[in-house]
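All remarks here apply to the structure that follows.
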Amino acid sequence: MTTDYTLSIKHLYRITLFFIQYNILYYSFISKICQKNYSFLILYPYTIYQQCIFINS
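Okay, here's the thing in structure tokens:
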């Protein structure tokens, strides 16, 4: 019971971290588009992909 509880807290913590990072990325993504920096278009999905792996691990 306790292990399940700590695991869910850990999972929640990771998801919260993910959303904080996602929001930071999202706003910088918009600002980069405004600057017409297209290299960020490649980095953006890759970073989300890495975060998904991190959450699922």
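For the sequence shown, my numbering begins at 134 and goes up steadily by one.
Cβ atoms here follow ideal geometry from the backbone N, Cα and C, with glycine treated the same way.
Please read all numbers here as calculations on a predicted model, not as lab measurements.
- Cβ-Cβ separation between L158 and Y177: approximately 7 angstroms, consistent with a contact (criterion under 8 angstroms).
- Distance from the CA atom of I181 to the CA atom of Y146, rounded to whole angstroms, is 17 angstroms.
- Approximately 10 angstroms separates the beta-carbon atoms of Q183 and Q154; this is outside 8 angstroms, ruling out the contact.
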